[in-house]
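Worksheet for the structure shown next.
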Amino acid sequence: MAGIGPLTQDWEPVVIRKKAPTAAAKKDEKVVNAARRAGAEIESVKKWTNRAASSSTSLNTRKLDEETENLAHDRVPTELKKAIMHARVEKKLTQAQLAQLINEKPQIIQEYESGKAIPNQQIIGKLERALGAKLRGKK
307 MAGIGPLTQD
317 WEPVVIRKKA
327 PTAAAKKDEK
337 VVNAARRAGA
347 EIESVKKWTN
357 RAASSSTSLN
367 TRKLDEETEN
377 LAHDRVPTEL
387 KKAIMHARVE
397 KKLTQAQLAQ
407 LINEKPQIIQ
417 EYESGKAIPN
427 QQIIGKLERA
437 LGAKLRGKK
């Protein structure tokens with residue numbers, strides 16, 4: 307080790323500081339009051355909002371509000387649900403058996419017979435073929 311030369315330190319000093327305050331901390335009332343007492347410069351900015359635009363309804367919203375028509379989905383008519391029940395009973399089928407014949411869930415048959423379903427022409431066509439009865443139009 308005699309011929310290596312002078313020993314030097316390659317380390318640089320590290321300075322540890324506190325983190326700068328966040329924006330929320332700068333707005334804190336205690337911090338602002340402390341800055342005022344210390345005589346620091348404080349900037350206050352008033353936010354501006356367009357209350358007229360935010361409080362008034364847009365044109366489309368106004369049209370929807372003024373709409374008086376009651377919109378609802380069409381439901382299965384009484385004649386159709388009675389015709390489905392009558393044809394199913396004549397064939398001596400349960401709702402589950404009829405659903406299996408037309409490859410649908412039993413819940414769909416139950417909804418059609420209770421009148422809660424939204425009519426689907428494809429399903430009504432399947433029911434007509436499976437039951438051998440005309441369910442739509444004139445009998």
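Residues 307 to 445 in our numbering are what the sequence shown spells out, letter by letter.
Heads up, the beta-carbon is just placed ideally off N, CA and C, and yes, glycines get one too.
From the beta carbon of residue 320, is the nearest beta carbon of chain C less than 8 Å away? Annotation note: the requested chain C is absent from the structure, which comprises a single protein chain.
Helix, strand or coil at residue 315 [DSSP, three-state]: On the sequence shown, position 9 is the one that residue 315 refers to. In this structure, residue 315 counts as coil in the three-state DSSP scheme.
Helix, strand or coil for residue 371, going by three-state DSSP, please let me know. The residue labelled residue 371 in the question sits at position 65 within the sequence shown. Reduced to three states, the DSSP call for residue 371 is helix.
Examine the Cβ distances between the stretch 412-430 and the stretch 389-402 and report whether three or more of them are shorter than 8 Å. yes
In terms of residues, what are the limits of the alpha helix (DSSP H) holding residue 379? Translated into positions along the sequence shown, residue 379 becomes position 73. Segment: none, residue 379 is in no alpha helix (DSSP H) and carries neither H nor E.
Is the CB-CB distance between residue 439 and residue 405 below 8 Å? Start at 1 with the first residue of the sequence shown, and residue 439 comes out as number 133. Start at 1 with the first residue of the sequence shown, and residue 405 comes out as number 99. No.
Count the other C-beta atoms from every protein chain shown that fall within 10 angstroms of the C-beta of residue 415, then say buried if there are 16 or more, exposed otherwise. As a working note, residue 415 is residue 109 in the sequence shown. Residue 415 comes out buried.
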